[in-house]
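Student:
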Amino acid sequence: MKACHLICSALLALVALTASATERYTFKILEKKPQSRSHFVQGLQIIDGMLFVGTGGYGQSRLLQYRFTDGELLAEQRLHPRLFGEGITVLGEHIYQLTWRARRLLVYRRADLQPLVALSIPGQGWGLTHNGSQLIYSDGSHRLYFLDPDTAQRQRTVAVLEDGMPVARLNELEWIDGAVWANVWQEDRIVIIDPATGEVTGSIDLQGLLPLPEREPSTDVLNGIAVNPEDGGIWVTGKNWPWMYRIEVRPATAAGPVSR
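What the sequence shown shows, in mature numbering (1 follows the signal peptide of the UniProt record, and there is no 0), is residues -21 to -1, 1 to 239, in sequence order.
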(Lines of atoms letter the chains of each structure in order from A and count residues from 1; the text may use other names and numbers.)
(Lines give C-alpha, C1' and ligand atoms only; values in the text may rest on other atoms or scores of the structure.)
Protein backbone atom coordinates (compact mmCIF):
# COMPACT_ATOMS: atom_id res chain seq x y z
CA MET A 1 0.00 0.00 0.00
CA LYS A 2 2.86 2.31 0.90
CA ALA A 3 4.59 1.52 -2.42
CA CYS A 4 1.36 2.27 -4.30
CA HIS A 5 1.06 5.60 -2.49
CA LEU A 6 4.63 6.54 -3.47
CA ILE A 7 4.05 5.57 -7.11
CA CYS A 8 0.79 7.51 -7.27
CA SER A 9 2.46 10.56 -5.73
CA ALA A 10 5.29 10.37 -8.26
CA LEU A 11 2.83 10.08 -11.14
CA LEU A 12 0.83 13.06 -9.89
CA ALA A 13 4.03 15.11 -9.61
CA LEU A 14 5.01 14.11 -13.14
CA VAL A 15 1.59 15.11 -14.49
CA ALA A 16 1.79 18.46 -12.70
CA LEU A 17 5.26 19.10 -14.09
CA THR A 18 4.14 18.21 -17.60
CA ALA A 19 1.09 20.46 -17.31
CA SER A 20 3.19 23.45 -16.27
CA ALA A 21 5.93 22.97 -18.86
CA THR A 22 6.57 25.79 -21.32
CA GLU A 23 5.24 25.25 -24.84
CA ARG A 24 8.13 24.87 -27.30
CA TYR A 25 8.06 26.40 -30.78
CA THR A 26 10.23 26.70 -33.84
CA PHE A 27 9.77 28.77 -37.00
CA LYS A 28 9.32 28.90 -40.74
CA ILE A 29 10.57 31.87 -42.79
CA LEU A 30 7.78 33.35 -44.93
CA GLU A 31 9.45 36.49 -46.23
CA LYS A 32 12.44 38.75 -45.70
CA LYS A 33 13.21 42.42 -46.24
CA PRO A 34 16.66 44.03 -46.50
CA GLN A 35 17.97 46.01 -43.56
CA SER A 36 21.09 48.14 -43.15
CA ARG A 37 23.92 46.23 -41.52
CA SER A 38 24.83 49.46 -39.76
CA HIS A 39 21.69 49.23 -37.60
CA PHE A 40 22.53 48.00 -34.09
CA VAL A 41 18.85 47.24 -33.62
CA GLN A 42 17.44 47.85 -30.15
CA GLY A 43 13.78 48.45 -30.95
CA LEU A 44 11.32 47.70 -33.75
CA GLN A 45 7.70 48.76 -34.35
CA ILE A 46 5.33 48.54 -37.33
CA ILE A 47 2.24 50.75 -37.31
CA ASP A 48 0.08 52.48 -39.93
CA GLY A 49 2.33 51.38 -42.78
CA MET A 50 5.45 52.71 -41.06
CA LEU A 51 8.47 50.90 -39.65
CA PHE A 52 10.15 52.58 -36.69
CA VAL A 53 13.64 51.42 -35.73
CA GLY A 54 15.64 52.36 -32.66
CA THR A 55 19.40 51.76 -32.80
CA GLY A 56 22.12 51.78 -30.16
CA GLY A 57 25.77 52.63 -29.67
CA TYR A 58 27.37 55.75 -28.25
CA GLY A 59 27.48 58.35 -31.00
CA GLN A 60 25.50 55.99 -33.27
CA SER A 61 22.07 55.85 -31.64
CA ARG A 62 19.11 56.94 -33.75
CA LEU A 63 15.36 56.79 -34.14
CA LEU A 64 14.39 56.12 -37.76
CA GLN A 65 11.08 56.05 -39.62
CA TYR A 66 10.74 54.03 -42.84
CA ARG A 67 7.85 53.38 -45.17
CA PHE A 68 7.33 49.69 -44.57
CA THR A 69 6.35 48.70 -48.11
CA ASP A 70 9.50 49.88 -49.88
CA GLY A 71 11.93 50.70 -47.06
CA GLU A 72 12.29 54.39 -47.93
CA LEU A 73 13.72 56.44 -45.06
CA LEU A 74 11.26 59.24 -44.24
CA ALA A 75 12.59 60.74 -41.01
CA GLU A 76 15.49 60.39 -38.61
CA GLN A 77 16.45 61.69 -35.18
CA ARG A 78 19.97 61.31 -33.79
CA LEU A 79 20.48 60.93 -30.07
CA HIS A 80 23.06 62.89 -28.09
CA PRO A 81 26.46 61.14 -28.36
CA ARG A 82 26.40 60.43 -24.63
CA LEU A 83 23.14 58.49 -24.92
CA PHE A 84 22.95 54.81 -25.89
CA GLY A 85 19.57 54.12 -27.48
CA GLU A 86 17.54 51.08 -26.48
CA GLY A 87 13.98 49.79 -26.98
CA ILE A 88 11.18 51.82 -28.60
CA THR A 89 7.39 51.74 -28.72
CA VAL A 90 4.62 53.84 -30.28
CA LEU A 91 1.65 54.73 -28.08
CA GLY A 92 -0.94 57.22 -29.31
CA GLU A 93 0.74 60.29 -30.76
CA HIS A 94 4.06 59.64 -29.04
CA ILE A 95 7.12 57.50 -29.62
CA TYR A 96 9.07 56.38 -26.57
CA GLN A 97 12.74 55.37 -26.59
CA LEU A 98 14.72 53.98 -23.69
CA THR A 99 18.37 54.71 -23.01
CA TRP A 100 20.75 52.16 -21.56
CA ARG A 101 22.57 53.66 -18.57
CA ALA A 102 21.44 57.28 -18.59
CA ARG A 103 18.15 56.45 -16.82
CA ARG A 104 16.16 58.44 -19.36
CA LEU A 105 13.01 57.67 -21.30
CA LEU A 106 12.91 59.89 -24.39
CA VAL A 107 9.52 61.00 -25.71
CA TYR A 108 9.04 62.15 -29.32
CA ARG A 109 6.14 63.56 -31.30
CA ARG A 110 5.10 60.74 -33.60
CA ALA A 111 4.17 63.03 -36.50
CA ASP A 112 7.70 64.33 -37.10
CA LEU A 113 10.01 62.62 -34.55
CA GLN A 114 10.57 65.90 -32.71
CA PRO A 115 11.86 65.40 -29.15
CA LEU A 116 9.38 66.50 -26.49
CA VAL A 117 10.69 65.51 -23.07
CA ALA A 118 13.06 63.15 -21.27
CA LEU A 119 11.53 61.32 -18.30
CA SER A 120 13.53 59.67 -15.52
CA ILE A 121 13.50 55.91 -14.95
CA PRO A 122 15.25 53.93 -12.20
CA GLY A 123 18.07 51.74 -13.46
CA GLN A 124 18.93 50.67 -16.98
CA GLY A 125 16.63 50.57 -19.99
CA TRP A 126 16.61 47.54 -22.31
CA GLY A 127 13.34 46.56 -24.02
CA LEU A 128 10.10 48.53 -24.34
CA THR A 129 6.49 47.91 -25.38
CA HIS A 130 2.99 48.80 -24.15
CA ASN A 131 -0.37 47.21 -23.39
CA GLY A 132 -2.48 50.11 -24.65
CA SER A 133 -2.43 52.06 -21.39
CA GLN A 134 0.91 51.35 -19.73
CA LEU A 135 4.49 51.24 -20.93
CA ILE A 136 6.27 47.96 -20.19
CA TYR A 137 10.05 47.85 -20.02
CA SER A 138 12.89 45.51 -19.11
CA ASP A 139 16.20 46.37 -17.48
CA GLY A 140 18.30 43.29 -18.24
CA SER A 141 17.03 41.42 -15.19
CA HIS A 142 14.18 38.89 -14.96
CA ARG A 143 11.62 41.61 -14.24
CA LEU A 144 9.14 43.61 -16.30
CA TYR A 145 8.08 47.08 -15.14
CA PHE A 146 4.74 48.74 -15.93
CA LEU A 147 4.88 52.54 -16.16
CA ASP A 148 2.51 55.48 -16.47
CA PRO A 149 3.26 56.81 -20.00
CA ASP A 150 2.86 60.44 -18.91
CA THR A 151 5.13 60.39 -15.88
CA ALA A 152 7.17 57.16 -16.15
CA GLN A 153 6.11 56.36 -12.59
CA ARG A 154 6.31 52.66 -11.87
CA GLN A 155 2.87 51.12 -11.28
CA ARG A 156 3.59 47.41 -11.18
CA THR A 157 6.43 44.90 -11.40
CA VAL A 158 6.33 41.21 -12.36
CA ALA A 159 9.06 38.61 -12.07
CA VAL A 160 9.44 36.48 -15.20
CA LEU A 161 9.76 32.77 -14.43
CA GLU A 162 10.06 29.74 -16.69
CA ASP A 163 9.08 26.53 -14.92
CA GLY A 164 9.80 28.29 -11.63
CA MET A 165 13.23 29.63 -12.62
CA PRO A 166 14.01 33.33 -13.32
CA VAL A 167 14.59 34.29 -16.96
CA ALA A 168 17.20 37.05 -16.88
CA ARG A 169 18.57 39.30 -19.65
CA LEU A 170 15.13 40.12 -21.06
CA ASN A 171 15.80 42.45 -23.98
CA GLU A 172 13.60 43.81 -26.80
CA LEU A 173 9.86 43.48 -26.16
CA GLU A 174 6.65 43.37 -28.20
CA TRP A 175 3.00 43.10 -27.14
CA ILE A 176 1.31 40.39 -29.25
CA ASP A 177 -2.20 39.02 -28.64
CA GLY A 178 -2.26 39.97 -24.98
CA ALA A 179 1.20 38.63 -24.16
CA VAL A 180 4.69 40.10 -23.93
CA TRP A 181 7.20 38.61 -26.35
CA ALA A 182 10.82 39.12 -25.29
CA ASN A 183 14.20 38.48 -26.82
CA VAL A 184 16.59 36.87 -24.35
CA TRP A 185 19.99 38.54 -24.75
CA GLN A 186 22.69 36.24 -26.13
CA GLU A 187 20.18 33.48 -26.82
CA ASP A 188 18.58 32.69 -30.17
CA ARG A 189 15.11 32.54 -28.71
CA ILE A 190 12.03 34.55 -27.81
CA VAL A 191 9.96 33.89 -24.70
CA ILE A 192 6.22 34.52 -24.50
CA ILE A 193 5.21 35.96 -21.12
CA ASP A 194 1.85 36.19 -19.37
CA PRO A 195 1.83 39.88 -18.30
CA ALA A 196 -0.45 39.20 -15.32
CA THR A 197 1.71 36.53 -13.69
CA GLY A 198 5.13 36.77 -15.35
CA GLU A 199 4.95 33.09 -16.27
CA VAL A 200 6.68 32.07 -19.50
CA THR A 201 4.05 30.21 -21.49
CA GLY A 202 6.07 29.68 -24.67
CA SER A 203 9.64 29.59 -25.97
CA ILE A 204 10.51 30.05 -29.66
CA ASP A 205 13.80 28.55 -30.84
CA LEU A 206 15.24 30.78 -33.59
CA GLN A 207 18.59 29.08 -34.03
CA GLY A 208 19.66 29.14 -37.67
CA LEU A 209 17.45 32.11 -38.61
CA LEU A 210 20.41 34.04 -40.03
CA PRO A 211 22.58 31.57 -41.98
CA LEU A 212 26.27 31.36 -41.08
CA PRO A 213 27.44 32.48 -44.57
CA GLU A 214 25.61 35.78 -44.03
CA ARG A 215 27.25 36.49 -40.70
CA GLU A 216 30.11 38.99 -40.58
CA PRO A 217 32.48 40.04 -37.77
CA SER A 218 30.09 42.89 -36.89
CA THR A 219 27.01 40.63 -36.78
CA ASP A 220 25.58 40.63 -33.28
CA VAL A 221 22.74 38.91 -31.44
CA LEU A 222 19.10 38.31 -32.30
CA ASN A 223 17.14 41.40 -31.22
CA GLY A 224 13.98 43.00 -32.56
CA ILE A 225 10.35 41.86 -32.66
CA ALA A 226 7.47 43.61 -34.43
CA VAL A 227 3.94 42.61 -35.37
CA ASN A 228 2.29 44.18 -38.41
CA PRO A 229 -1.26 45.16 -37.31
CA GLU A 230 -2.50 45.03 -40.91
CA ASP A 231 -2.00 41.29 -41.36
CA GLY A 232 -0.71 39.98 -38.03
CA GLY A 233 2.67 39.15 -39.54
CA ILE A 234 5.49 38.69 -37.03
CA TRP A 235 8.86 40.18 -38.00
CA VAL A 236 12.17 39.55 -36.25
CA THR A 237 15.74 40.69 -36.79
CA GLY A 238 19.06 41.22 -35.02
CA LYS A 239 21.81 43.73 -34.35
CA ASN A 240 23.73 44.51 -37.54
CA TRP A 241 21.75 41.90 -39.47
CA PRO A 242 21.15 42.32 -43.22
CA TRP A 243 17.54 41.11 -43.08
CA MET A 244 14.24 41.39 -41.27
CA TYR A 245 12.34 38.10 -41.39
CA ARG A 246 8.61 37.45 -41.35
CA ILE A 247 8.15 34.13 -39.60
CA GLU A 248 5.45 31.62 -38.88
CA VAL A 249 5.67 30.24 -35.35
CA ARG A 250 5.09 26.49 -35.29
CA PRO A 251 4.86 23.91 -32.49
CA ALA A 252 8.23 22.21 -32.20
CA THR A 253 6.66 18.75 -32.25
CA ALA A 254 4.96 19.44 -35.59
CA ALA A 255 7.83 21.27 -37.25
CA GLY A 256 9.86 19.93 -40.09
CA PRO A 257 13.08 21.40 -41.51
CA VAL A 258 13.40 25.19 -41.39
CA SER A 259 12.09 26.71 -44.64
CA ARG A 260 13.82 29.66 -46.27
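We put the CB at the ideal spot given by N, CA and C, even for glycine.
Measuring CB atoms only, is the stretch 138 to 149 touching the stretch 91 to 104, in the sense that at least three cross pairs come out at less than 8 Å?
Tutor: Counting Cβ pairs under 8 Å, fewer than three are found: no touch.
Student: Can you say whether Gln44 is buried or exposed, counting buried as having 16 or more other CB atoms within 10 angstroms of its CB?
Tutor: Flag for Gln44 reads buried.
Student: Output the residue ranges of the beta strand (DSSP E) runs that lie fully inside the stretch 51 to 83 and measure 3 residues or longer, sorted by chain position.
Tutor: List check, beta strand (DSSP E) in window: 52 to 57, 64 to 70, 73 to 78.
Student: Within 8 Å, do at least three Cβ pairs link the stretch 108 to 121 to the stretch 28 to 44?
Tutor: Judged by Cβ distances under 8 Å, the stretch 28 to 44 makes no contact with the stretch 108 to 121, as fewer than three pairs qualify.
Student: Between which two residues does the beta strand (DSSP E) harbouring His109 extend?
Tutor: From DSSP, the beta strand (DSSP E) with His109 extends over 107 to 109.
Student: Touching or not, the stretch 88 to 95 and the stretch 124 to 137, by the rule of three or more beta carbon pairs under 8 Å?
Tutor: Touching, no, given that fewer than three Cβ pairs across the two stretches are closer than 8 Å.
Student: Roughly how far, in whole angstroms, is the beta-carbon of Pro230 from the beta-carbon of Tyr4, given that I think they are within contact range, below 8 Å?
Tutor: Correct: roughly 6 Å between the Cβ atoms.
Student: Could you tell me which of Trp220, Gly203, Lys11 sits nearest to Thr68, measuring between CA atoms?
Tutor: Ranking Trp220, Gly203, Lys11 by Cα distance to Thr68 puts Gly203 first.
Student: Thinking C-beta only, is Ile171 closer than 7 Å to Trp154?
Tutor: Taking 7 Å as the Cβ cut-off, Trp154 and Ile171 do not qualify as a contacting pair.
Student: Are at least three pairs of beta-carbons, each pair with one atom in the stretch 53 to 71 and one in the stretch 8 to 15, less than 8 Å apart?
Tutor: Contact fails: fewer than three Cβ-Cβ distances are below 8 Å.
Student: So the candidates are Gly187, Gly143, Arg168; which of them puts its Cα closest to the Cα of Ala(-1)?
Tutor: When each option's Cα is compared against that of Ala(-1), the closest is Gly143.
Student: Ignore the nearest five residues each way along the sequence and tell me which others in Met223's own chain have a CB closer than 6 Å to its CB.
Tutor: Excluding positions up to five away in sequence, the list reads Lys12, Gln14, Trp214, Thr216.
Student: Between the alpha carbons of Ile115 and Thr232, how many angstroms are there, rounded?
Tutor: Rounded to whole angstroms, Ile115 to Thr232 spans 32 Å at the Cα level.
Student: Can you tell me which of the three DSSP states Pro192 falls into?
Tutor: The answer is helix: DSSP assigns Pro192 an H, G or I state.
Student: Give the C-beta separation of Asn110 and Pro174 to the nearest angstrom, bearing in mind that I take them to be a contact with Cβ-Cβ under 8 Å.
Tutor: Contact flag correct, Cβ pair sits at about 7 Å.
Student: Identify which residue in Lys218, Arg88, Gly28 has its Cα closest to the Cα of Thr198.
Tutor: Nearest option by C-alpha distance: Lys218.
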